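Below is one structure; the comments refer to it alone.
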Amino acid sequence: MSGMASYGRGNTALYQGGSASGIKDPTALAAEIGRNIGEISRNVIQLEKLVKQIGTPQDSEQVRDRVHKITHDTNKLAQDINKDMKTLANLPAPENQQRQMKLQKERLTEEFSDALNKFQTVQRSAAVKEKESISRARAASSGFSEFRDEPKEQFSEQGYSQTAQIMKMENDVDLESLRERESAIKQLESDIMDVNQIFKDLGMLVHQQGEQLDSIEANVENAVVHVEKGGEELKQAVNYQSKARRKNCCTKKIMYRIEQGRNGAFL
Numbered sequence: 003m004s005g006m007a008s009y010g011r012g013n014t015a016l017y018q019g020g021s022a023s024g025i026k027d028p029t030a031l032a033a034e035i036g037r038n039i040g041e042i043s044r045n046v047i048q049l050e051k052l053v054k055q056i057g058t059p060q061d062s063e064q065v066r067d068r069v070h071k072i073t074h075d076t077n078k079l080a081q082d083i084n085k086d087m088k089t090l091a092n093l094p095a096p097e098n099q100q101r102q103m104k105l106q107k108e109r110l111t112e113e114f115s116d117a118l119n120k121f122q123t124v125q126r127s128a129a130v131k132e133k134e135s136i137s138r139a140r141a142a143s144s145g146f147s148e149f150r151d152e153p154k155e156q157f158s159e160q161g162y163s164q165t166a167q168i169m170k171m172e173n174d175v176d177l178e179s180l181r182e183r184e185s186a187i188k189q190l191e192s193d194i195m196d197v198n199q200i201f202k203d204l205g206m207l208v209h210q211q212g213e214q215l216d217s218i219e220a221n222v223e224n225a226v227v228h229v230e231k232g233g234e235e236l237k238q239a240v241n242y243q244s245k246a247r248r249k250n251c252c253t254k255k256i257m258y259r260i261e262q263g264r265n266g267a268f269l
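My numbering numbers the first residue of the sequence shown as 3 and each following residue consecutively.
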């Protein structure tokens with residue numbers, strides 16, 4: 003089947019050490035996650051172009067097959083990223099890289115949630131257009147009964163029988179094709195629900211980050227209360243508080259995107 007989606011190295015998942023890629027170094031794993039998020043974004047661009055063709059004169063079995071293939075493969079890639087994100091959240095980073103790694107985790111979480119939202123949007127669009135196309139095809143297939151109502155004098159008895167037989171064969175093929183397409187839609191809807199589960203997992207991950215934020219804010223408040231300990235401590239506390247507020251804003255933004263994806267997951 004043509005139009006197979008390309009992957010980053012995460013496609014050859016080994017599922018070792020709790021991550022899909024088998025990478026245990028946090029810096030390398032973060033880089034792998036970033037590459038695969040970019041791959042999802044590129045696949046979404048392909049899907050958007052293909053989905054626009056469904057139900058138009060450019061529609062074809064090949065177009066629909068490519069949509070299903072790229073969608074299903076991208077769904078698997080998203081699951082790999084989800085597993086790698088969980089692993090990354092629990093991997094210890096060297097002390098001199100902890101701040102940088104925290105920022106990188108936040109960036110990856112935001113980029114992943116954004117890519118998932120766009121992917122799920124094109125998934126839903128594909129499912130809706132496929133259903134509409136099948137409904138039109140089923141309505142058109144009823145034309146065979148209208149053919150049988152034509153005046154018999156237009157055909158010889160043998161000619162009518164042969165023509166009716168051919169029409170029935172074609173109609174049977176069309177119905178089988180429609181059944182295959184309906185089966186493909188069920189798989190597409192299953193993939194949509196898989197992405198919804200990833201949104202839930204991502205929401206839990208962000209919630210954990212929020213708990214870390216609460217801990218930081220608690221330390222800040224304690225530092226401000228003990229301002230008599232010196233101006234340097236206060237300066238450091240204000241700096242931490244500023245960073246905590248920025249992180250809180252980022253977290254709320256990510257949670258909003260996740261909630262959008264979860265609410266729109268049902269057709």
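Even glycine gets a Cβ: it sits at the ideal position worked out from N, Cα and C. From a predicted model like this one, the values you see are computed outputs, not experimental measurements.
Checklist entry - What's the call for R101, buried or exposed, on a 16-neighbour Cβ count within 10 Å? => result When all chains shown are included, R101 counts as exposed.
Checklist entry - So what's G24 in DSSP terms, helix, strand or just coil? => result When DSSP states are grouped into helix, strand and coil, G24 belongs to the coil group.
Next on the checklist: Pairs of beta-carbons, one from the segment 88 to 106 and one from the segment 64 to 73, closer than 8 Å: are there three or more?
Outcome noted: The segment 88 to 106, when compared against the segment 64 to 73, does not touch it at the 8 Å Cβ threshold.
Checklist entry - From D27 to L204, what distance separates their C-alpha atoms? => result Their Cα atoms are separated by approximately 21 Å.
Next on the checklist: At the level of alpha carbons, what is the spacing between R126 and E184?
Outcome noted: Cα-Cα distance, rounded: 15 Å.
Next on the checklist: Just to confirm before moving on: does the CB-CB distance between V208 and N77 stay below 9 Å?
Outcome noted: Judged by beta-carbon spacing, N77 lies beyond the 9 Å limit of V208, meaning their Cβ atoms are not closer than that value.
Item to check | Proximity winner among A129, D82, K88, relative to G57 (alpha-carbon distances) | outcome: Nearest C-alpha to G57: A129.
Item to check | alpha helix (DSSP H) segments (min. 4 residues) lying fully within the segment 25 to 77 | outcome: Segments of the alpha helix (DSSP H) lying fully in the segment 25 to 77: 28 to 53.
Next on the checklist: Quick check on L177: buried or exposed, where buried means 16 or more other Cβ atoms within 10 Å of its Cβ?
Outcome noted: Burial call: exposed.
Item to check | H70 versus A186 - alpha carbon distance | outcome: Taking the straight line from one Cα to the other gives about 7 Å.
Checklist entry - Applying the criterion that 16 or more other CB atoms from any shown protein chain within 10 Å of the CB defines a buried residue, is N2 buried or exposed? => result This structure does not reach residue 2, given that the chain is present from 3 up to 269, and the question cannot be answered.
Checklist entry - Using the rule of at least 16 other Cβ atoms within 10 Å of the residue's Cβ for burial, across every protein chain shown, is L105 buried or exposed? => result So L105 counts as exposed.
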